[in-house]
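I have placed the structure first, in the form of structure tokens, so that the comments after it can refer back to it.
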Amino acid sequence: MRDFEQLKKMTTDFYSIKPDAPIALEEFGYYSKEEWIRQGHIRENEDLNKLFKFERLANYYLPGLSGTTAPFIPRFKEEIIGSDDTYEIAKDKAGRTVKYFKGKRDGFMPQYLDFPVKDLKTWKDIEWRLDYNSAERNEDVQRDIIKALPIAKQGYHLIQYIVGAFMYLRSLIGGEEILYMIYDEPALIHTCMKKWLELSDYITAKYQDHVRIDELLFDEDICYNHGSLISPAQIRSFLFPYYKELIQGVRNRNNRLALLDKNSVYKQPKGYDLIIHVATDGDCRPVIPVYKEIGMNYMSPMEVASGCDVVQIRKDHPDIRIKGGIDKRILAHSKEAIKIEIDRILPFMKKHGGYLPTCDHGVPAEVPFENYVYFRELLREYTR
């Protein structure tokens, strides 16, 4: 196993897209753990990092701006509002009404029945939950800064995790409802986005009074299996003005921090540009050149079932970092199929650098434990 200094070098090599550098081993996540426990392969409290000999990048995630829902403080009270033998209907922490299979909330996409923002009045009803000045929010961020400071001084790559602009709007308004609101009430979308920018800029600036932000990770989910859910023109009109202002503000504050304290190594650039990471399910290929307009230089998780082939994407875009792209269906199929896929992807991607091989989403319960162990053994050949 590598020591921390070696992990820091591996991190720099990945973000620098260094050709033929050792590949780090991590995973997107698991929906298979419960099944593997039931089958007796792992214990309830099994440390999967240790079991699979993961060597994760030296990354640290800065909280405070949610990830997949609007960053409300306080959050809505979660409560069950109806149920039968098969389903539960609940109000979730983001103020949405959702329908779940009974007892299966984790790892399953609910049916979304209702969203908090329908018009200007309902926006005004919840806007206060996004107030950057709230005492609770500021207490949280001060606590998080105190926790982050010693980690930054060790040389970790600091990632500000942010709910992406489109994901934020989906959380507030609903995926289908946005498509109508773009035409019916475009001013309301801009009003919501101004609040997203105000809060995101405030929280990042609070951190940047003390530490350098090395990466902005936007959980966007703007694509489905046939491409983008809204047009490039709509992306540029409704999302990009706010992205551009936020990203430029982070860049400016990073530069100012480095100039004001040249003796603090952790406040200086790490040898690569600010990382702009956009995460989206579905077929991301049509939006890669669009998001490059705001400086996007890292994309994940490259969903194979939607047509994303990381080898071809690397050929088309040699300048971006890539994470994901391992077909979960092949992991469920056979060891022979896994070997063919790894031999197709890994030699090429390692040669070019800037790649983290993970399942293209959470490892599903259908993946046999033996197949996954074999997959991990094959990947270890590329860690040297």
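Taking this note's numbering, the leading residue of the sequence shown gets 2, the next gets one more, and so forth.
We put the beta carbon where it would ideally sit given N, CA and C, even for glycine.
Rounded to a whole number of angstroms, what is the C-alpha to C-alpha distance between residue 115 and residue 104? Your numbering for residue 115 matches position 114 in the sequence shown. Your numbering for residue 104 matches position 103 in the sequence shown. About 21 Å.
Coarse secondary structure for residue 233, derived from DSSP in three states: Here residue 233 corresponds to residue number 232 of the sequence shown, with the count starting at 1. The answer is helix: DSSP assigns residue 233 an H, G or I state.
Could you check which residue in 91, 206, 254 and 355 has the C-alpha nearest to that of residue 58? Here the question's residue 58 lines up with position 57 in the sequence shown. That would be 355, whose Cα lies nearest to the Cα of residue 58.
Just to confirm my understanding: we take residue 333, look at its own chain, exclude 5 residues before and 5 after, and list those with CB closer than 8 Å. What are they? To locate residue 333, count along the sequence shown from 1; it is residue 332. For residue 333, the CB contacts under 8 Å within the same chain, skipping 5 residues up- and downstream, are 365, 367, 368, 369 and 372 in chain order.
For residue 193, which three-state DSSP category applies? If you number the sequence shown from 1, residue 193 lands on position 192. DSSP places residue 193 within a helical segment (H, G or I) once states are collapsed to three.
Are the segment 210-228 and the segment 273-289 touching by the rule of at least three beta carbon pairs closer than 8 Å? These segments touch.
Are the beta-carbon atoms of residue 95 and residue 70 separated by less than 8 Å? Within the sequence shown, numbered from 1, the residue matching residue 95 stands at position 94. Within the sequence shown, numbered from 1, the residue matching residue 70 stands at position 69. Cβ atoms of residue 95 and residue 70: closer than 8 Å.
Would you list, in sequence order, the uninterrupted alpha helix (DSSP H) runs of no fewer than 4 residues that lie entirely inside the segment 11-52? Within the segment 11-52, the complete alpha helix (DSSP H) runs of at least 4 residues are 34-39 and 49-52.
Beta carbon of residue 5, beta carbon of residue 357: below 8 Å? Counting from 1 along the sequence shown, the entry for residue 5 is found at position 4. Counting from 1 along the sequence shown, the entry for residue 357 is found at position 356. Between residue 5 and residue 357, the CB-CB gap reaches or exceeds 8 Å.
To the nearest angstrom, how far is it from the Cα of residue 336 to the Cα of residue 60? For the purposes of this step, residue 336 is taken as residue 335 along the sequence shown, with counting starting at 1. For the purposes of this step, residue 60 is taken as residue 59 along the sequence shown, with counting starting at 1. Their Cα atoms are separated by approximately 31 Å.
Tell me the residue span of the alpha helix (DSSP H) that contains residue 172. As a working note, residue 172 is residue 171 in the sequence shown. Taken as a continuous stretch (DSSP letters only), the alpha helix (DSSP H) holding residue 172 covers 166-174.
Taking the CB atoms as reference points, tell me whether residue 74 and residue 128 lie closer together than 8 Å. Walking along the sequence shown from the start, residue 74 turns up at place 73. Walking along the sequence shown from the start, residue 128 turns up at place 127. Their beta carbons are not under 8 Å apart, which means residue 74 does not touch residue 128 by this criterion.
Using DSSP with H/G/I as helix, E/B as strand and the rest coil, what is residue 217? Within the sequence shown, residue 217 is the residue found at index 216, counting from 1. Note: residue 217 maps to strand in three-state DSSP.
What separation, rounded to the nearest whole angstrom, lies between the Cα atoms of residue 295 and residue 44? To locate residue 295, count along the sequence shown from 1; it is residue 294. To locate residue 44, count along the sequence shown from 1; it is residue 43. Rounded to the nearest angstrom, the gap between the Cα atoms of residue 295 and residue 44 is 45 Å.
For residue 286, the nearest candidate out of 318, 3, 22 and 117 (CA to CA): What you label residue 286 is simply residue 285 of the sequence shown in a count that begins at 1. With distances taken between CA atoms, residue 286 lies nearest to 318 out of 318, 3, 22 and 117.
If we ignore side chains and look at the alpha-carbon of each, how far apart do residue 8 and residue 377 end up? The count along the sequence shown starts at 1 and reaches residue 8 at position 7. The count along the sequence shown starts at 1 and reaches residue 377 at position 376. Across the structure, residue 8 and residue 377 are spaced so that their CA atoms are roughly 19 Å apart.
Touching or not, the segment 308-318 and the segment 256-271, by the rule of three or more beta carbon pairs under 8 Å? Too few Cβ pairs lie closer than 8 Å, so no.
Chain-order list of residues whose beta-carbon lies under 6 Å from that of residue 255 (same chain, five-residue window excluded): As a first step, residue 255 must be located in the sequence shown, where it is residue number 254. Counting only Cβ-Cβ distances below 6 Å, and skipping sequence neighbours, we find 213.
Starting from the Cα of residue 284, find the closest Cα among 54, 3, 305 and 292 and give me that residue. Position 283 of the sequence shown, counted from the start, is the residue given in the question as residue 284. Of the listed residues, the one whose Cα sits closest to residue 284 is 305.
When you compare each of 236, 199, 48 and 216 to residue 168 by their alpha carbons, which one comes out closest? Here residue 168 refers to the residue found at position 167 of the sequence shown. Comparing Cα positions, the closest option is 236.
Cutoff 6 Å; reference residue 347; Cβ partners in own chain excluding five residues on either side: Within the sequence shown, numbered from 1, the residue matching residue 347 stands at position 346. Once the five neighbours on either side are set aside, the close Cβ partners of residue 347 are 383.
Skipping 5 residues on each side, what residues in its chain have a beta carbon closer than 7 Å to that of residue 291? Within the sequence shown, the letter at position 290 stands for residue 291. The beta carbon of residue 291 sits closer than 7 Å to those of 233 and 236, all from its chain and outside the five residues before and after it, given in chain order.
Rounded to whole angstroms, what's the CA-CA distance from residue 228 to residue 307? Just pull it up for me. In the sequence shown, residue 228 corresponds to position 227, counting from 1. In the sequence shown, residue 307 corresponds to position 306, counting from 1. Cα atoms of residue 228 and residue 307: separation of roughly 8 Å, rounded to the nearest angstrom.
Per DSSP, cross-strand counterpart(s) of residue 83: Walking along the sequence shown from the start, residue 83 turns up at place 82. Paired residue(s): 90.
Residue burial classification, residue 153 (beta-carbon count within 10 angstroms, cutoff 16): Stepping through the sequence shown from its first residue, residue 153 is reached at position 152. When all chains shown are included, residue 153 counts as buried.
Residue 198, DSSP secondary structure in three states: Along the sequence shown, one-based indexing puts residue 198 at 197. In the three-state reduction of the DSSP assignment, residue 198 falls in the helix class.
Less than 8 Å between the C-beta atoms of residue 162 and residue 64, yes or no? By one-based count along the sequence shown, residue 162 stands at place 161. By one-based count along the sequence shown, residue 64 stands at place 63. For residue 162 and residue 64, yes; Cβs fall inside 8 Å.
From the DSSP output, which residues share a beta bridge with residue 56? What you label residue 56 is simply residue 55 of the sequence shown in a count that begins at 1. Note: residue 56 sits in a beta bridge opposite 26.
Looking at the secondary structure, which residues open and close the beta strand (DSSP E) in which residue 324 lies? Taking the sequence shown and counting its residues from 1, one reaches residue 324 at position 323. From DSSP, the beta strand (DSSP E) with residue 324 extends over 322-324.
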